[in-house]
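Protein chains in written order, with my numbering: chain A, -16 to 263; chain B, 2 to 340; chain C, 9 to 602. Using N, Cα and C, we set each Cβ at its ideal position, and we do this for glycine too. Every value quoted in this text rests on a predicted model; they were computed, and no experiment measured them.
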């Protein structure tokens, strides 16, 4: 199992993806250590081009673009990462319960999941923001809630498939407790489909968080966040394209590399991700 | 002489036509129930959670008396379930309420008047994108599947994998950089004078459509390709070749036919995606549609407007689902006869 | 002497990596003849069958040799030229009609497409005649059905009708009756026989089932590890097999008419990449006198009368003598061990209720082997699940040693759970792929007998020995084992609980015939040694004959007949039993009991 986990790195997509991902994550996490200026410190004329000391020019308030960009990756990674973890915690619990139980629990949980899925994700987040205001907590919980039904669906399907297999029935015939059966027999065998999906889920979480920030309904100025930077500097596009280009390039690299790695993992497990919804 | 184990005889003709109707009615009923629950969710999400709409509208500088007055005007001082039923009743009778923007400006401004033209605009944008997406995805996806493993397929697969990772606002921003900053052939925002249809200003539509098309097309291509590859590997396709049928018959009649049903689901999913992506795209390009309206409403906490727009979008989302399910049932004989 | 209709010369089919799947295969067949192509999994028979149409699956290629049907070559030509010949000169019927028929086309299109493809006139009569020839109706409601609206037998007949509609000279059938019940199978075999008599069509019938092939074929070719190891006239080959593998195979085939002890072949078949330099069977061969066969590939030698063998020592192959079945141990006069009273079991909810078991009552005595036989859908598996507590009956009860058992296993006492164990049908499913074999076997000992980890490990080693598996297999994962090995592990696991009764649910149905014989042999031994009671569920009367003391015949959830095995099989009285016994294919028994 451990060998399989690393096998994906040897494929071209896996290799390229992993390298890119490592690079972007390094920039995001370690960036602040290298930033020449503070992210909210005006250092020059707004929207001036690349110059000595500001290799990417300045933004609409005259702040150094490089510094803001170096500071701007942490938020997206942290928020999306936390949201994805929460989504998995909830989704796996719900999916296992729904897939293994033969009682009403299954249809009830799945109806609830269906209702959530009949709602566009971004819409849900916007509704939540309307009611609860803009804050990091809202973003994380909202994105987690949106992803949970999808994960629960996949976990449930995988659990159902495993629960009719001979070795699970043998355990039931031995009289083993449900918790033991879920833990020993079922969980290790559904790790595959779950792992195959991680890439898509994390990518989607990043896209959602970035989109909400872009709309100005997530993190608020003067926070440094790649998506927010793009959003607040749109008017100066012609004056200093770098203020849009650099964060855009970084977001793109992040999402593309996560997706490449996720796809490579799925392929090394023999599962195709093409049919999975990235769904909005 | 029939087999020992023959299946039940086919139902008489009269009953055969009704299963389809019953299926449609069942789905509609389920959809209405879902919409109901969704409306409750929207209501709860916007009004019952902490965060006072009145103060959001008036700002932090409002005095307690002004807040109380606003709350009364907005009907916020009544218990939650009463407000919900009121709202629901209003919706069903056509009274969509007034927008907070109107309150802030000192008068009453019916929401319906404001959003009606925007619904049309958004629909135009979505429809054009969908009309372009479907044929392109079918052609490219099937091509990639038939040349699976070869250079063309690799090129299509890798590029689509990259593009679907990108959020719409990135695609849009990059497109603006290219077509406006660099080439200066298209406007960065959709300057559509209020009252005119976007169709009168086609230049304003190009970039938004391309943006929406970007990720949805890539996702569709991948799914169509996967469905087609699976079909091409099916045993009955191999059998057709073993039976000596010509390759074009095999691909056309045996493979494509059976790949259609999953493709319908693919397109339904991606049109649903369009509905979501339209919000960001309209905001980016300042396109006067429902999506931008929604964002503006959320920004000023215009609860009524958010509720109405959200419900409309959710309803459309669900409707697409029903249509897709219906098409799939029509296309797959097994489902049709067992409905 | 008419020219052969089918001529295959030195056919070689390889994987992309160069490994051969099929090597040096030469066959000949005349019009109106039936050739039975026999082999177990890994023998290359399906690959050969496909090659007869000039076809190879993806990743596989015909690299040498030639195939010629009615003078037309099918190898060494472009795809479109060969495509034009398929369906017209030679056609194919696949194993699983459910998968082989396009689910989106109606019956009339499934057959009609072939007519159109080969340019025959599409008058209404052609399709009607084709369907009539396989005894299917050709009225409008029927031809407008989709495959999922047909039964398995009907689907297969439609496939055969399509294969015959353009009147090919040769038809290749690849295990066409797998998955069909015995009675339908008998009917289909009759059809094939009649068609070849009436039309002079040559038939290649691929199967692992020697009994089926024996009743139908004029000539038989036996394949092992990608080569033909023996071929000749069916009667001669079956009466006096010359190759040790063929003899072993014949000895493994259970005979429903004659209870006897099965002989199994020692060792395990080799996989595609592991074939040795010389004879692939040599490592398992009991007749091997020296090392020559391990290094050198024996050529096909003539034995006389068109009978050829690929073996250096064929002269040494002894006649096949059938052994009397092992005498069952004297049954103790104690009361019955397990009693089932008025059991009724259902599936599904209110709207789609299916009664699987209607009203079943029987008893099993300590040390007895009770066989339960029935077709698929007869409810026998549901019955087994009720007994071990995996399914709650709607009525009735199961009584163990006088005490009624709770419907669900979780509610039974540990002792009760320990004393009744089950082994499942599918060897791929019964072991957790993430647990080592040793852990899987030890688990019941730890959970049901409270053994410590060390004691359980010792017990595991003992059990592995008992089921004749090497001790080091305990460290392996199930994915690394063959089907037969996995089934033995499953049996060892059941034994780890020291049960009194083991329910065997079709435990050999998914195994090759020679592996099946080995497992049945093992079960018979264990039963004698441990005084185990066995509840043996199967659809195969031959298996019943070789292992059962008493048998229950189940039809549609009801026990319609029961009695001692020899009497019931030799002189069946009940109508259903008689139908089953008559339909069961059996080898022409020219050999006598020793």
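- Message: Starting from residue 142 of chain A, trace the alpha helix (DSSP H) in both directions and tell me its first and last residue.
- Response: 119 to 146
- Could you spell out where the beta strand (DSSP E) holding residue 266 of chain C opens and where it closes? Run containing residue 266 of chain C: none; DSSP gives neither H nor E here.
- Could you please give the first and the last residue of the uninterrupted beta strand (DSSP E) stretch that includes residue 34 of chain C? 28 to 37
- Task: Name, please, each residue of chain B whose Cβ falls closer than 7 Å to the Cβ of residue 246 of chain A.
- Result: 162
- Query: Between the Cα of residue 147 of chain A and the Cα atoms of C/168, C/436, C/346 and C/553, which residue gives the shortest distance?
  - Reply: C/436
- Assign residue 48 of chain C to one of two classes, buried (16 or more other C-beta atoms within 10 Å of its C-beta) or exposed (fewer than that). buried
- Query: What are the start and end residues of the beta strand (DSSP E) that includes residue 373 of chain C?
  - Reply: Taken as a continuous stretch (DSSP letters only), residue 373 of chain C belongs to no beta strand (DSSP E), as it is neither H nor E.
- Query: Is it true that the CB of residue 212 of chain A sits closer than 7 Å to the CB of residue 51 of chain A?
  - Reply: yes
- By the criterion of Cβ-Cβ separation under 9 Å, what are the contact partners of residue 438 of chain C in chain A? 148, 149, 150, 152 and 153
- Query: Got a sec? Which residues, its chain only, sit under 6 Å from residue 502 of chain C by beta carbon, not counting five neighbours each side?
  - Reply: 429, 431 and 510
- Is DSSP giving residue 82 of chain B helix, strand or coil here? helix
- Query: Which class does residue 20 of chain A belong to by DSSP, given the choice of helix, strand or coil?
  - Reply: coil
- Message: Less than 7 Å between CB atoms is the rule here; does residue 430 of chain C satisfy it with respect to chain A?
- Response: yes
- Message: How far does the alpha helix (DSSP H) with residue 94 of chain C in it extend, from its first residue to its last?
- Response: Neither: residue 94 of chain C is in no alpha helix (DSSP H) and is coded neither H nor E.
- Task: Using 10 angstroms around the beta-carbon of residue 470 of chain C, count the other beta-carbons present and answer buried if the total reaches 16, otherwise exposed.
- Result: exposed
- If the cut is a Cβ gap below 7 Å, which residues of chain B does residue 177 of chain C touch? In chain order: nothing, as chain B lies at least about 14 Å away.
- Task: Could you tell me whether any Cβ in chain A is nearer than 7 Å to the Cβ of residue 167 of chain B?
- Result: yes
- Query: Quick one: what does DSSP say residue 107 of chain B is sitting in, helix, strand or coil?
  - Reply: Note that residue 107 of chain B scores 49 on pLDDT, short of 50, meaning its location in the model is unreliable; the coordinates nonetheless yield the value given after this. The answer is coil: DSSP assigns residue 107 of chain B none of H, G, I, E or B.
- May I ask you to verify whether the stretch 107 to 124 of chain C touches the stretch 151 to 163 of chain C, counting CB pairs closer than 8 Å and requiring at least 3? yes
- Would you list, in sequence order, the uninterrupted beta strand (DSSP E) runs of no fewer than 3 residues that lie entirely inside the stretch 439 to 497 of chain C? none
- Neighbouring residues, chain E, relative to residue 243 of chain B (Cβ below 7 Å): Checking the listed chains, one finds no chain E in this structure; the protein chains it contains are A, B and C.
- DSSP beta-bridge partners of residue 408 of chain C: C/346 and C/411
- If you follow the beta strand (DSSP E) that residue 429 of chain C is part of, which residue opens it and which one closes it? 428 to 431
- CB-CB under 7 Å to residue 225 of chain B, same chain, minus the five flanking residues each way: which ones, in chain order? 138, 139, 142, 143, 264 and 267
- If we count the other Cβ atoms within 10 Å of its Cβ and call it buried at 16 or more, is residue 298 of chain C buried or exposed? exposed
- Query: If you measure from the beta carbon of residue 452 of chain C to each beta carbon in chain A, is any gap under 7 Å?
  - Reply: yes
- Query: With a cut-off of 7 Å, does the C-beta of residue 166 of chain A fall near any C-beta of chain C?
  - Reply: no
- When the cut-off is 7 Å and only beta carbons count, does residue 114 of chain A lie next to chain B? yes
- Task: Decide if residue 400 of chain C is buried, meaning its Cβ has at least 16 other Cβ atoms within 10 Å, or exposed.
- Result: exposed
- Report yes or no: is there a C-beta of chain B within less than 7 Å of the C-beta of residue 235 of chain A? yes
- Item | Within chain C, the residues that residue 85 of chain B reaches when beta carbons sit closer than 8 Å | Ordered by position in chain C, no residue passes the 8 Å Cβ test against residue 85 of chain B, which lies about 35 Å from the chain.
- At a Cβ cut of 7 Å, what residues of the stretch 168 to 184 of chain A count as close to chain B, listed as they run along the chain? none
- Message: Using a Cβ-based criterion (distance less than 6 Å to any ligand heavy atom), does residue 539 of chain C qualify as near the ligand COA?
- Response: Here there are no bound small molecules, and the ligand COA is not part of this structure.
- Task: Have a look at residue 86 of chain C and residue 155 of chain B and give me their C-alpha separation to the nearest angstrom.
- Result: 27 Å
- Query: Can the beta-carbon of residue 365 of chain C be found closer than 7 Å to that of residue 390 of chain C?
  - Reply: yes
- Is it a yes or a no for the stretch 314 to 321 of chain C touching the stretch 285 to 305 of chain C, going by three-plus beta-carbon pairs under 8 Å? yes
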